[in-house]
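Asker:
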Amino acid sequence: MNTVSRDRLMLVIAIVLAGIYLFPLYWMYITTIKSGSEMFATPPTFWPTNPQWQIFGDVWQSRNMGRYIWNSLVIACGAVIVITVLGVGCAYVLARYRNIWVDIGLFLILMLQVLPASLMVTPIFVGFSQIGLLNYPRLAVILAIAAKSMPFFVVLVRATFMSVPQELEEAALVDGNSRVGAFFNIILPLARNGILVSAILIFMQAFGEFVYSKSMIQAVELQPASVGLNSFMGPNTNEWNNIMAYAAIYVTPILAIFVLLQRRIVSGLTSGALK
Amino acid sequence: MTAQIELTNVNKYYGAYHALKDIELSIRKGSFTALVGPSGCGKSTLLRSLAGLESISSGTLRIAGEVMNAVPPRKRDVAMVFQSYALYPHMTVEENLTYSLRIRGVAKTERKKAANEVAAVTGLTHLLGRYPRELSGGQRQRVAMSRAIIRHPKAFLFDEPLSNLDAALRVHMRKEIRALHDRLGATSVYVTHDQVEAMTMADHVVIMRDGVIEQQGSPLELYDQPGNKFVAGFIGSPAMNFLPAVGGQDGRSIILDLGVKQAIVLDREVQPGQALIVGLRPEHIELAAADEGVLSAQVALVESTGATCFLTMATTPELSVVFNGRSEARAGDRVGLNFAPGSIHLFDANTERRLPD
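In order, the protein sequence lines correspond to chains A and B.
Quick note: to get the working numbering, add 1286 to the position in the first sequence (first position is 1).
Quick note: to get the working numbering, add 550 to the position in the second sequence (first position is 1).
#1: May I ask you to report which of helix, strand or coil DSSP gives B/Ser-686?
#2: Give me the Cβ distance between A/Leu-1515 and A/Tyr-1532, rounded to the nearest whole Å; I'm assuming they're in contact under 8 Å.
#3: My output table needs one value for B/Asp-709: the three-state DSSP class, helix, strand or coil.
#4: Confirm, please, whether the CB-CB distance from B/Leu-677 to B/Val-643 is below 8 Å.
#5: May I ask you to list the residues that DSSP assigns as paired with B/Lys-562?
#6: So what does DSSP say about A/Gln-1491, is it helix, strand or coil?
#7: By the three-class DSSP mapping on this structure, what secondary structure does A/Tyr-1532 have?
#8: Should the region 560-577 of chain B be called in touch with the region 1525-1541 of chain A, which here means at least 3 C-beta pairs below 8 Å?
#9: Is it true that the CB of A/Ala-1457 sits closer than 8 Å to the CB of B/Phe-632?
#10: Taking the alpha carbon of B/Met-751 as the point to measure from, which residue in B/Glu-710, B/Ile-763, B/Asn-714, B/Leu-570 has its own alpha carbon closest?
#11: Pair every Cβ in the region 1482-1492 of chain A with every Cβ in the region 1427-1447 of chain A, then say whether three or more of these pairs are closer than 8 Å.
#12: Can you list the beta strand (DSSP E) stretches of 3 or more residues lying completely in the region 605-651 of chain B, in chain order?
#13: How many Å lie between B/Ala-782 and A/Phe-1447 at the Cα?
#14: Are the C-beta atoms of A/Lys-1561 and some chain B residue less than 8 Å apart?
#15: Inspect the beta-carbon positions of A/Ile-1369 and A/Ile-1488 and report whether they are closer than 8 Å.
#16: Express the C-alpha separation of B/Gly-856 and B/Arg-876 in angstroms, rounding to a whole number.
#17: For B/Ala-664, name the three-state secondary structure that DSSP assigns.
#18: Helix or strand or just coil, what does DSSP make of B/Met-695?
#19: So, are the CB atoms of B/Thr-742 and B/Ala-736 less than 8 Å apart?
#20: Is the CB-CB distance between B/Val-872 and B/Glu-833 below 8 Å?
#21: Report the residue from B/Gly-892, B/Ala-847, B/Cys-859 whose alpha carbon sits nearest the alpha carbon of B/Asp-883.
#22: For chain B, check one thing: does any of its Cβ atoms lie closer than 8 Å to the Cβ of A/Leu-1398?
#23: Using 8 Å for Cβ pairs, my map puts B/Ala-899 next to B/Pro-794. What's the rounded Cβ distance?
#24: Could you tell me whether the region 583-595 of chain B touches the region 754-767 of chain B, using the rule of 3 or more Cβ pairs below 8 Å?
#25: What did DSSP end up calling B/Gly-886 once you bin it into helix, strand or coil?
#26: Within 8 Å of any Cβ in chain B, is that where the Cβ of A/Asn-1463 sits?
#27: Taking beta-carbon pairs under 7 Å, can you tell me which members of the region 638-656 of chain B lie near chain A?
#28: What does A/Ile-1472 touch in chain B if you count any residue whose Cβ is under 7 Å from its own?
#29: Cα separation between B/Pro-867 and B/Gln-821?
#30: Provide the residue span of the alpha helix (DSSP H) that contains A/Pro-1437, from first to last.
#31: Tell me, please, whether the CB atom of B/Leu-793 is closer than 8 Å to any CB atom in chain A?
#32: Give the secondary structure of B/Gly-797 by DSSP, where H, G and I count as helix, E and B as strand, and everything else as coil.
#33: Find the residues of chain A that neighbour B/Met-618, judging by a C-beta separation of less than 9 Å, and give them in chain order.
#34: Please determine, among B/Glu-902, B/Pro-769, B/Glu-556, B/Arg-624, the residue with the shortest C-alpha to C-alpha distance to B/Gln-824.
#35: Cβ of B/Leu-570 less than 8 Å from any chain A Cβ?
#36: Closer than 8 Å, CB to CB, is B/Pro-623 near chain A or not?
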């Protein structure tokens, strides 16, 4: 088999796998605009005969989605800000110093990443309740998400910082800058891409976060869209088209961001590794 | 003579590792000093200590008379050229050049003027708007130099600045750096592992090994009077021949051991029976007819570059000979070797120190 036909075969396999992977997404969009009867038709139709476009407006209105999405945005932005401000400094230190304590610190940070949210939520709930943080439930969720996602951010941004040569910083010091000045003037602009990409990934995670929000936010008017979607579904749900419409409205902005920035995201993720 | 940089009894430890040992060094204002030695000898650590990028553990470091031990790099007023050039990749050449001025709050018009002046000197005028990634290695090197020059610092520190360039460009930049140094009347400290660079560029060469200054002096002093076997072997290319020998019973000759023992009469006295190492530079040995000359040896290998001929003798240890011109000798021929008694360097075999002439 020559190179060309092997490449073609690989391409076909890739397309098939991508198709399988993306099928649920396709099904979500297609179910959204199906009518009630078509939704349960056997055999299922792969393209709706009578698309119901008005469903998006209806669901947005009836479920009060504006408020849910706003809460999701508040939580996601809050988490990104907390993580970026704290994580950048942490990642920089971990990138610049190499000794046994840094290794231990890095190991502990990665350990945090291992623990699943559903396991962490009970102790966090009890702790937050004791110090009264649950009176500010969105802040409580922001802090919980920050704790959960920080390791991921720190590890990614650390790789970015490590790809910035230390000599640049030293050159800035000799050129007359202070350490802080060199960090903000030289290191930060060069690591900007990696930080931005990591922040976007964190944003996407936090925007869809469910476990912490579900358990810590009781008031409906403070709940994010993920919890709202969950409360939409009951044991006897049959309005799948409405649920799918909700889901579509919820994920489409995220998908759009990812598609627009995917080149930068991929290069940002590999920049530390390739250098 | 005023010392621009003065180190007294400087020591540096990394934990238990003793990186610099009792460094005593005085660098004259306007001089070009090379720190040279094998990798890991502490020369870069010493340079970084001058810049303030490393702190010294004990001793005194003075720059222009002021004690600088605990002064941060930005207040030392020295400029450094890094091995990787360390140009700021997100700034244009002009911004790179004027970065130090900007930090010091120099007005924009003056910065621009300074950049233009320096660029004219180093031939960068047409490149001021470019980014470092758009430049060739030699151009980047020039930007790094210009960035140092623009500040009129108390001293220039070079950390192996030519090692990333190809051989031809390296020879060219060597001259250019030295010419620039002379034109600016600057004080320069230059770290290199290449003894040819050190010998050709510097007024004062400092040879280091394992954190110790083995010897310092003018290049020709080091060549003519190496203080020990290490310096003798480090300076000069091809490297000096080292041959084991013992002092002759008459006190005025030595017995060389080249597989076969051969006696050589000296122009000075040695202790009878003392174990010695004889140092003989390849360029101080001349070929002679087989039955003439001080020594006799068999040729093992002849290498010629056209202008220069390198001969390796089939002796133990191997003896190399180099001379300009061409040789009729072929591998396997027996030849005579001649050298002036004055060109012999004698080292004590135990301490490896030079014996007084």
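In this text, a Cβ means the ideal position worked out from N, Cα and C, and glycines have one as well.
For clarity, every value in this text was computed on a predicted model and none was experimentally measured.
Answerer: Quick look at the numbers:
#1: By one-based count along the second sequence, residue 686 of chain B stands at place 136. Collapsing the DSSP output to three states places B/Ser-686 in coil.
#2: For this step, residue 1515 of chain A is matched to residue 229 along the first sequence. For this step, residue 1532 of chain A is matched to residue 246 along the first sequence. Right, the Cβ-Cβ distance comes to about 6 Å (below 8 Å), so this counts as a contact.
#3: Here residue 709 of chain B refers to the residue found at position 159 of the second sequence. Look at B/Asp-709 here: in three-state DSSP terms it is strand.
#4: Indexing the second sequence from 1 puts residue 643 of chain B at position 93. Indexing the second sequence from 1 puts residue 677 of chain B at position 127. Contact flag set, yes.
#5: Residue 562 of chain B sits at position 12 when you count from the first residue of the second sequence. For B/Lys-562, the beta-bridge partners assigned by DSSP are B/Leu-570.
#6: In the first sequence, residue 1491 of chain A corresponds to position 205, counting from 1. In this structure, A/Gln-1491 counts as helix in the three-state DSSP scheme.
#7: For the purposes of this step, residue 1532 of chain A is taken as residue 246 along the first sequence, with counting starting at 1. Of the three classes helix, strand and coil, the one that applies to A/Tyr-1532 here is helix, per DSSP.
#8: These segments do not touch.
#9: Sequence index remark: in the second sequence, residue 632 of chain B carries index 82 (1-based). Sequence index remark: in the first sequence, residue 1457 of chain A carries index 171 (1-based). When the beta-carbon positions are compared, B/Phe-632 and A/Ala-1457 come within less than 8 Å of each other.
#10: In the second sequence, the residue the question calls residue 751 of chain B occupies position 201. Nearest option by C-alpha distance: B/Glu-710.
#11: Short answer: they touch.
#12: Within the region 605-651 of chain B, the complete beta strand (DSSP E) runs of at least 3 residues are 608-613, 628-631.
#13: For the purposes of this step, residue 782 of chain B is taken as the residue at position 232 of the second sequence. For the purposes of this step, residue 1447 of chain A is taken as the residue at position 161 of the first sequence. Approximately 44 Å between the Cα atoms of the pair.
#14: The residue you call residue 1561 of chain A lines up with position 275 of the first sequence. Interpretation of A/Lys-1561 is limited by its pLDDT of 34, a score under 50 that renders its predicted location unreliable; the figure taken from the coordinates is listed afterwards. For A/Lys-1561, the answer is no, since every Cβ of chain B falls outside 8 Å of its Cβ.
#15: Residue 1369 of chain A sits at position 83 when you count from the first residue of the first sequence. Residue 1488 of chain A sits at position 202 when you count from the first residue of the first sequence. Cβ distance < 8 Å, so A/Ile-1369 and A/Ile-1488 count as in contact.
#16: As a working mapping, residue 876 of chain B is identified with position 326 in the second sequence. As a working mapping, residue 856 of chain B is identified with position 306 in the second sequence. Their backbone Cα atoms lie some 7 Å apart in a straight line.
#17: Position 114 of the second sequence, counted from the start, is the residue given in the question as residue 664 of chain B. Helix, per DSSP.
#18: Looking up residue 695 of chain B in the second sequence gives position 145. Helix, per DSSP.
#19: In the second sequence, residue 742 of chain B corresponds to position 192, counting from 1. In the second sequence, residue 736 of chain B corresponds to position 186, counting from 1. Not in contact: B/Thr-742 and B/Ala-736 (Cβ atoms no closer than 8 Å).
#20: Here the question's residue 872 of chain B lines up with position 322 in the second sequence. Here the question's residue 833 of chain B lines up with position 283 in the second sequence. Yes; because the gap between Cβ atoms is below 8 Å, this pair is in contact.
#21: Translated into the one-based positions of the second sequence, residue 883 of chain B becomes position 333. Distances from the CA of B/Asp-883 to each of B/Gly-892, B/Ala-847, B/Cys-859 were compared; the closest alpha carbon is that of B/Ala-847.
#22: For the purposes of this step, residue 1398 of chain A is taken as residue 112 along the first sequence, with counting starting at 1. Not one chain B Cβ lies under 8 Å of A/Leu-1398.
#23: On the second sequence, residue 899 of chain B is found 349 positions in, with the first residue counted as 1. On the second sequence, residue 794 of chain B is found 244 positions in, with the first residue counted as 1. Going by Cβ atoms, the distance from B/Ala-899 to B/Pro-794 rounds to 7 Å, so yes, they are a contact pair.
#24: The region 583-595 of chain B is in contact with the region 754-767 of chain B.
#25: As a first step, residue 886 of chain B must be located in the second sequence, where it is residue number 336. In the three-state scheme derived from DSSP, where H, G and I count as helix and E and B as strand, B/Gly-886 is classed as strand.
#26: Translated into positions along the first sequence, residue 1463 of chain A becomes position 177. Closer than 8 Å: yes.
#27: Correct list: Tyr-638, Pro-639, His-640, Tyr-649, Ser-650, Ile-653, Arg-654.
#28: On the first sequence, position 186 is the one that residue 1472 of chain A refers to. Correct list: Tyr-638.
#29: In the second sequence, the residue the question calls residue 867 of chain B occupies position 317. In the second sequence, the residue the question calls residue 821 of chain B occupies position 271. One C-alpha to the other measures close to 23 Å.
#30: One-based indexing of the first sequence puts residue 1437 of chain A at position 151. Element bounds for A/Pro-1437: 1423-1448.
#31: As a first step, residue 793 of chain B is located in the second sequence; it is residue number 243 there, counting from the start. So, not an interface residue.
#32: Within the second sequence, residue 797 of chain B is the residue found at index 247, counting from 1. DSSP places B/Gly-797 in the strand class (E or B) of the three-state scheme.
#33: The count along the second sequence starts at 1 and reaches residue 618 of chain B at position 68. The CB of B/Met-618 never comes closer than 9 Å to any CB in chain A; the least such distance is about 13 Å.
#34: Here residue 824 of chain B refers to the residue found at position 274 of the second sequence. Out of B/Glu-902, B/Pro-769, B/Glu-556, B/Arg-624, the CA that lies nearest to the CA of B/Gln-824 is found in B/Glu-902.
#35: As a working mapping, residue 570 of chain B is identified with position 20 in the second sequence. At least 8 Å separates the CB of B/Leu-570 from every CB of chain A.
#36: Taking the second sequence and counting its residues from 1, the one referred to as residue 623 of chain B is at position 73. Between B/Pro-623 and chain A, the shortest Cβ-Cβ separation is below 8 Å.
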